[in-house]
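Here's the structure, in structure tokens; my notes come after.
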Amino acid sequence: MNEHVLDRLFATVAARKGGDTGTSYTAQLLAAGVEKCAKKFGEEAVEAAIAAVSRDPKALAAESADVLYHLLVLWAAAGITPEDVYAALKAREGQSGLQEKASRAP
127 MNEHVLDRLF ATVAARKGGD TGTSYTAQLL AAGVEKCAKK FGEEAVEAAI AAVSRDPKAL
187 AAESADVLYH LLVLWAAAGI TPEDVYAALK AREGQSGLQE KASRAP
């Protein structure tokens, strides 16, 4: 079975945890903690949204790659894995988005 690119990238991100912050941007982010990682993820998500409304497909692709990278860094900082997310998605499979959203309502 081919390992998915996101799984490979997550493995690289996780391997940088505790690494040399002088040579690794990923190690710098992880050392800064969940709050910094969440902030960077949010910034990248906004940049992707701006690229989308600007109707710039190349910029949207590039910003989307940044969003995915920063999401994986956030997962590593928060102590979850792609498998945790895949399990959450699998649990929702076959359920309408409206039903799923209603199940989370207070």
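Count the sequence shown with my numbering and you get residues 127 to 232, in order. Even for Gly, the Cβ is constructed at its ideal location relative to N, Cα and C. Note that the structure is predicted; figures quoted are calculated from it, not measured.
- About 24 Å separates the Cβ atoms of Ser150 and Ala174, ruling out a contact at the 8 Å cut-off.
- The three-state secondary structure of Gly223, taken from DSSP, is helix.
- Annotation: Thr207 is outside any alpha helix (DSSP H) and is labelled neither H nor E by DSSP.
- Contact fails between the region 178-188 and the region 132-146, because fewer than three Cβ pairs, one in each stretch, are under 8 Å apart.
- A distance below 8 Å separates the beta carbons of Leu156 and Val199.
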